[in-house]
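Numbering-wise (our numbering), the sequence shown opens with residue 215 and increments by one. A short write-up of the structure that comes next.
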Amino acid sequence: MADCLFCAIVAGSLPAFKVVDSPDGVGFLDTRPVFKGHVLVVPRQHVVTLPDLPPSDLPGYFGLVQRVAAAVPAALGSQGTFVAINNVVSQSVPHLHTHVVPRTKGDGLKGFFWPRTRYAGDEEATDYAAKIASELG
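Below, the structure written as structure tokens:
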């Protein structure tokens, strides 16, 4: 879709700190992460919400989400991840995306209040993306 931010990232016409680029989808760092290493996983095709994703694409897409959810703690030393999808409400970009957020006990995340942070710059974001990409192989 021509005016979709995430479609532009998938197509490579908009830069992003990608951690994985596969036939099932693309994973890249959120530019306003809850915690550093927060990855967004999107399907290659433009669909707006989870119900719009063809059932035949579910195994590949969620297999990719599962891989990223395993890679984030291994790469960053977090204890686990928070994995979430917004459908329409609180969905800032109308393209299906799954948040994979690194979590550590006592990190301060409470319920659905998601404080946001920023990377110090492109170098730090590149470093986080490279660590996660390396863990994904």
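In this text, a Cβ means the ideal position worked out from N, Cα and C, and glycines have one as well.
In whole angstroms, what is the alpha-carbon distance linking residue i and residue j?
| i | j | result |
| --- | --- | --- |
| Q305 | L219 | 13 Å |
| T263 | R246 | 21 Å |
| L323 | P229 | 29 Å |
| K250 | G241 | 14 Å |
| N301 | P268 | 15 Å |
For residue i, which of helix, strand or coil comes out of DSSP?
| i | result |
| --- | --- |
| F220 | helix |
| F242 | strand |
| A225 | helix |
| L254 | strand |
| Q321 | Residue 321 is actually Asp in this sequence, not Gln. Here D321 sits in coil by DSSP. |
| P269 | helix |
Can you tell me where the alpha helix (DSSP H) with residue i in it begins and where it stops?
| i | result |
| --- | --- |
| K345 | D336 to L350 |
| G277 | L272 to L290 |
On a Cα-Cα basis, can you pick out the residue from the options that is closest to residue i?
| i | options | result |
| --- | --- | --- |
| T340 | V255, L243 and S227 | L243 |
| M215 | V307, E349, P268 and A334 | V307 |
| Y333 | V248, V297, G239 and D235 | V248 |
| T295 | H252, P316, G335 and D271 | P316 |
| V224 | V297, L310 and P265 | L310 |
Which residues in the same chain have their Cβ closer than 7 Å to the Cβ of residue i, if we skip the five residues on either side of it in sequence?
| i | result |
| --- | --- |
| K319 | Q293 |
| D271 | P257 |
Skipping 5 residues on each side, what residues in its chain have a beta carbon closer than 6 Å to that of residue i?
| i | result |
| --- | --- |
| A347 | V233 |
| C221 | M215 and H260 |
| A285 | I346, E349 and L350 |
| R330 | R246 |
Can you list, in chain order, the residues of its chain with a C-beta nearer than 8 Å to that of residue i? Leave out the 5 residues immediately preceding and following it.
| i | result |
| --- | --- |
| A343 | F231, K232, V233, F242 and L243 |
| L278 | V234, S236, D238, G239, G241 and V255 |
Determine the extent of the beta strand (DSSP E) in which residue i is found, giving its start and end residues.
| i | result |
| --- | --- |
| A298 | G294 to I299 |
| S236 | K232 to S236 |
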